[in-house]
Ligand code: FAD
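In UniProt numbering, the protein residues as written are 147 to 614.
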């Protein structure tokens, strides 16, 4: 049947995956409806994720760099932090981007329907909005429902002192003592912000290292720096209980030997991961399978088991990253529009925008060892980089993994200032099938941090021997 609104393609969710898919499908001539619960487009990434966190991390960086110039002859006054103004600035950055998206949607005649959408059949979605319910019928659908913060059963999430990343980005106050539960990317980025703003931060992580996806040697410069700055980094430690008390949140920790301790914090940031929103959209009414955790499985063309329904972004699986969602969004929209396209990217870079930044792409050494994959590596320590030293930040390292058969680049990891920008060259090298000579013979500008990629390749080749 026909809905109140009809579309060739309906996109469910307007995060980086969703708006990319909607715009691409419209550019390819489809009539497109984009369904979004919130008043602004952009999803988690623009509203409460990638973008606001980077604005606050920029502020953190300015503060800590100013502090550290104290050791080099320039002393600034202690920063005066006006949280309201900082928050306004962060919100205005977000506003510029979400406003821009609104304009782009209009330009392309993408109809935005506001409200929560659920399937009522294989070609119909019902959207419950502020002004009632509308039905949207479609020929094809792209599910881009994203993910939400994981909540823990033993944590009083209703207590205002317990926050998730969204709460942390709201910047309601700077707590005295803050516990960050989870030493992954999101937790550590927020820890970095609150530390710079003056909170005493403790990070607790179940595994034996922070950022468990990255190699230990790559994480070490970050661990060393935050061990000095933060109150405590607790590894191999479980939080087993959180009690809301008048004087704070009483937290029970259990270490690897099963020994229990307690401590009290003013604020608790829970950053233990994100879970997909697949179970919230009645996908089964459209015949789309959702697994127990809420993920929707797709093939290399982003198709679900239903040929006319695609899924992209966080809801289809790891890594839950915006650039992956964007890429998948393009693939889905192009396939839906009849183009020959498939997800054939070799690698997806990961970045923690902490200070220093931690970035990796392709194979890690940990993975290579676990999977018995042969590799050789070139490593360049930033203590030997003129630019890193001039920046006052030689705490970094560039590591590139090569296939021993043909010297092609198969992985890379960088820790240090701007590692997130630098890792893109390694991603390109992998996608292009570049080898050590390609990287080593490409003239890089001097003095830059990008030279460390060139030097790591030369270390592997054996050109730079005095550093070995
Ligand atoms: P999402 O961005 O999750 O958006 C889904 C949207 O769909 C939401 O707006 C939701 O309201 C809407 N929606 C869902 N279901 C429905 C429905 N049924 N009806 C109506 N609307 C619906 N990634 C990076 O790559 N780099 C970073 O620096 C980075 N930083 C992050 C920092 C934080 C604090 C967080 C939380 C995440 C960060 N991420 C980062 C991850 C990134 O935000 C996600 O990978 C990305 O947003 C996923 O995009 P998506 O399109 O799958 O969906």
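For each residue, glycine too, the CB sits at the ideal point set by N, CA and C.
Opposing strand residues paired with residue 324 [DSSP bridges]: Taking the first residue of the chain shown as position 1, residue 324 is located at position 178. Per DSSP, the beta-bridge partners of residue 324 are 347 and 413.
What is the DSSP secondary structure of residue 388, reduced to helix, strand or coil? Counted from its first residue, the chain shown places residue 388 at position 242. It is a strand residue.
Please check if any C-beta of chain C sits within less than 8 Å of the C-beta of residue 464. Note that chain C does not occur in the displayed structure, where there is just one protein chain.
Does the region 529–548 come into contact with the region 583–601, if we say contact requires no fewer than three beta-carbon pairs (one atom in each stretch) closer than 8 Å? Yes, the region 529–548 is in contact with the region 583–601.
Which runs of the beta strand (DSSP E) at least 3 residues long sit entirely within the region 552–609? Give them in chain order. Within the region 552–609, the complete beta strand (DSSP E) segments at least 3 residues long are 555–562, listed from N- to C-terminus.
Residues that DSSP places opposite residue 548 in a beta bridge: Within the chain shown, residue 548 is the residue found at index 402, counting from 1. Paired residue(s): 522 and 555.
Excluding five sequence neighbours on each side, which residues of the same chain lie with their C-beta closer than 7 Å to the C-beta of residue 566? To locate residue 566, count along the chain shown from 1; it is residue 420. If we look at residue 566 and ignore the five residues flanking it on each side, its Cβ neighbours are 497, 499, 503 and 505.
Segment contact, 8 Å Cβ cut-off, at least three pairs: the region 153–160 with the region 278–297: Segments in contact, yes.
Taking the alpha-carbon positions, what's the residue 296 to residue 406 distance? Reading the chain shown from its first residue, position 150 is the one you call residue 296. Reading the chain shown from its first residue, position 260 is the one you call residue 406. The alpha-carbon atoms of residue 296 and residue 406 are separated by roughly 24 Å.
Out of curiosity, what's the CA-to-CA distance linking residue 573 and residue 236? Position 427 of the chain shown, counted from the first residue, corresponds to residue 573. Position 90 of the chain shown, counted from the first residue, corresponds to residue 236. Inter-residue distance for residue 573 and residue 236 is about 30 Å (C-alpha atoms, whole angstroms).
Give the secondary structure of residue 614 by DSSP, where H, G and I count as helix, E and B as strand, and everything else as coil. Locating residue 614 in the chain shown gives position 468, counting from the first residue. Unreliable positioning characterises residue 614 in this predicted model, as indicated by a pLDDT of 42, which lies under 50. The coordinate reading is nonetheless provided below. Coil.
Collapsed DSSP secondary structure at residue 339 in the structure displayed: Position 193 of the chain shown, counted from the first residue, corresponds to residue 339. In this structure, DSSP gives residue 339 a helical state, which the three-state scheme calls helix.
N-terminal and C-terminal residue of the alpha helix (DSSP H) that residue 260 is part of: Taking the chain shown and counting its residues from 1, the one referred to as residue 260 is at position 114. Following the DSSP letters along the chain, one finds residue 260 in no alpha helix (DSSP H) but inside the beta strand (DSSP E) bounded by residues 257–260.
Go to residue 457, then tell me how far its beta strand (DSSP E) extends in each direction, as first and last residue. Locating residue 457 in the chain shown gives position 311, counting from the first residue. Counting along the chain, residue 457 sits inside the beta strand (DSSP E) bounded by residues 455–457.
Looking at residue 436 and the ligand FAD, is the gap between the Cβ and the nearest heavy atom below 7 Å? Your numbering for residue 436 matches position 290 in the chain shown. The answer is no for residue 436.
In whole angstroms, give me the CA-to-CA distance for residue 431 and residue 201. Your numbering for residue 431 matches position 285 in the chain shown. Your numbering for residue 201 matches position 55 in the chain shown. Rounded to the nearest angstrom, the gap between the Cα atoms of residue 431 and residue 201 is 41 Å.
Does the region 398–405 touch the region 415–433, meaning 3 or more C-beta pairs lie closer than 8 Å? Verdict: no, contact absent.
Between the region 331–347 and the region 313–323, are three or more C-beta pairs nearer than 8 Å? At 8 Å Cβ cutoff, the stretches touch.
Mind checking residue 229: buried by the 16 CB within 10 Å criterion, or exposed? One-based indexing of the chain shown puts residue 229 at position 83. Counting the other Cβ atoms within 10 Å of the Cβ of residue 229 gives fewer than 16, which makes it exposed.
Which one of 392, 495, 211 and 557 has the shortest CA to CA distance from residue 466? Your numbering for residue 466 matches position 320 in the chain shown. For the residues 392, 495, 211 and 557, the minimum Cα distance to residue 466 belongs to 495.
Please work out which residues of its chain come closer than 8 Å, Cβ to Cβ, to residue 451, disregarding the five sequence neighbours upstream and downstream, and give them in chain order. Taking the first residue of the chain shown as position 1, residue 451 is located at position 305. Hits under 8 Å: 433, 434, 435 and 443.
Note the first and the last residue of the continuous beta strand (DSSP E) segment covering residue 432. Numbered from its first residue, the chain shown carries residue 432 at position 286. No beta strand (DSSP E) holds residue 432; DSSP gives it neither H nor E.
Do residue 261 and residue 183 have their C-beta atoms within less than 8 Å of each other? Mapped onto the chain shown, residue 261 falls at position 115. Mapped onto the chain shown, residue 183 falls at position 37. Yes, the pair counts as a contact, with Cβ atoms nearer than the cut-off.
Look up residue 309 in the DSSP assignment and give the residues it is bridged to. The count along the chain shown starts at 1 and reaches residue 309 at position 163. 415, per the DSSP bridge assignment.
With a threshold of 7 Å (Cβ to nearest heavy atom), would residue 213 be considered close to the ligand FAD? Sequence index remark: in the chain shown, residue 213 carries index 67 (1-based). The answer is no for residue 213.
Could you please give me the residues that DSSP links to residue 527 through a beta bridge? Locating residue 527 in the chain shown gives position 381, where the first residue counts as 1. Bridge pairing for residue 527: 543 [DSSP].
Residues near residue 509 in its chain [Cβ-Cβ closer than 6 Å; skip 5 each side]: Looking up residue 509 in the chain shown gives position 363. Excluding sequence neighbours, residue 509 sits near 547, 556 and 557.
Ignore the nearest five residues each way along the sequence and tell me which others in residue 488's own chain have a CB closer than 8 Å to its CB. Sequence index remark: in the chain shown, residue 488 carries index 342 (1-based). These residues qualify, in order along the chain: 446, 447, 477 and 481.
Got a sec? Which residues, its chain only, sit under 7 Å from residue 472 by beta carbon, not counting five neighbours each side? The count along the chain shown starts at 1 and reaches residue 472 at position 326. Cβ neighbours of residue 472 beyond the five flanking positions: 162, 163 and 166.
Would you mind working out which of 218, 410, 362 and 413 sits nearest residue 535, comparing C-alpha positions? By 1-based counting over the chain shown, the position of residue 535 is 389. Checking every option, the nearest Cα to that of residue 535 belongs to 218.
At a threshold of 7 Å, does residue 176 count as lining the ligand ZN (C-beta to nearest heavy atom)? In terms of ligand content, the structure shown lacks the ligand ZN and carries the ligand FAD instead.
Which same chain residues, not among the five before or five after residue 335, have their C-beta less than 8 Å away from its C-beta? Numbered from 1 along the chain shown, position 189 holds the residue referred to as residue 335. Residues 199, 203, 498, 499 and 500 of the same chain have their beta carbon placed closer than 8 Å to that of residue 335, with the five preceding and five following residues left out of the count.
For residue 206, collect the residues of the same chain with a Cβ closer than 8 Å to its Cβ; drop the 5 residues on either side in sequence, then sort them by chain order. For the purposes of this step, residue 206 is taken as residue 60 along the chain shown, with counting starting at 1. Counting only Cβ-Cβ distances below 8 Å, and skipping sequence neighbours, we find 338, 339, 341, 342, 343 and 501.
For a quick check, are the C-beta atoms of residue 603 and residue 585 less than 8 Å apart? As a first step, residue 603 must be located in the chain shown, where it is residue number 457. As a first step, residue 585 must be located in the chain shown, where it is residue number 439. Between residue 603 and residue 585, the C-beta spacing is below 8 Å.
From the DSSP secondary-structure annotation, give me the bridge partner or partners of residue 394. The count along the chain shown starts at 1 and reaches residue 394 at position 248. In DSSP, residue 394 forms a bridge with 391.
Enclosing alpha helix (DSSP H) for residue 189 [first to last residue]: Stepping through the chain shown from its first residue, residue 189 is reached at position 43. If you look at residue 189, you'll find it in the alpha helix (DSSP H) that goes 189–194.
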